[in-house]
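Okay, structure first, notes after.
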Amino acid sequence: MCSILTPPLPAPTCTPPPYDTIALLQLCVGNRCLVYQLRHRNNRNPPDRLNDFLNDGRFCFMGVDVEMAILRLRVHHGLRVRSAVDLGDAASRRLQREDLRSAGMDQLAREVMRMGIIRLDGAQRIALFERVLPPELVAHACIDAIFSHEIGRILFG
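In this text, residue positions in the sequence shown follow my numbering: the first is 49, and each later residue adds one.
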């Protein structure tokens with residue numbers, strides 16, 4: 049299992065990418081995380097190793113609203129994901145609760161893990177546009193990816 053968490057960012061005071069683009073790709077396998085800044089790549093061609101990893105059938109990528117994230121990764125960044133599961137759909141089926149189908153990560157963490165996620169404020173989220181991320185923002189991005197991974201692990205045992 050591998051989580052893929054790809055939140056679009058809110059509009060900062062500077063010129064942002066379009067709302068529907070993804071600025072960060074947050075991956076977690078077990079306790080190992082990678083935060084990859086898609087916004088600061090030099091060209092449209094994705095790194096071969098990243099594309100190979102996302103296309104590797106041995107991994108199932110999990111996240112919230114994962115179909116839209118996969119579409120955005122393909123359209124805006126040329127990245128393809130072979131196998132994915134939406135955590136809202138999985139939680140809805142496993143817990144037999146239709147309301148979880150459209151749940152966000154915060155609600156899924158509360159319902160599946162009985163834990164809350166501390167969120168960044170607007171100013172901190174704007175800092176995610178910077179080329180060099182402050183360590184506390186890298187840590188926060190990893191926490192989100194770990195929650196995604198753990199929710200998937202719990203749901204699929």
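C-beta: ideal position from N, C-alpha, C; glycine also.
Using CA coordinates, which residue listed in Arg149, Arg167 and Glu198 is at the minimum distance from glutamate 184? Arg167
Leucine 121 to glycine 152 span [Cα, whole Å]: 19 Å
Going along the chain, which unbroken runs of the beta strand (DSSP E) with 3 or more residues stay wholly within the region 123 to 147? 132 to 134
Roughly how far, in whole angstroms, is the beta-carbon of methionine 110 from the beta-carbon of valine 133, given that I think they are within contact range, below 8 Å? 5 Å
From which residue to which residue does the alpha helix (DSSP H) around methionine 153 run? 153 to 156
Going by beta carbon distance, what residues of the same chain come within less than 6 Å of alanine 138, once the five residues before and after it are set aside? Leu203
Contacting residues, own chain, Cβ-Cβ under 6 Å from methionine 163 (five flanking each side not counted): Ala157
Give the straight-line distance between the Cα atoms of glutamine 155 and leucine 148, rounded to the nearest whole angstrom. 8 Å
From the DSSP output, in three-state form, read off valine 186 for me. helix
Please report the distance separating the alpha-carbon of glutamine 85 from that of glycine 78. 21 Å
Cutting at 7 Å between CB atoms, please list the residues of its own chain near alanine 189, excluding the five before and the five after it. Leu72, Gln74 and Val83
Cα separation between cysteine 108 and leucine 135? 12 Å
Could you give the first and the last residue of the continuous beta strand (DSSP E) run that contains arginine 80? 80 to 85
Helix, strand or coil: how does DSSP classify glycine 205 here? coil
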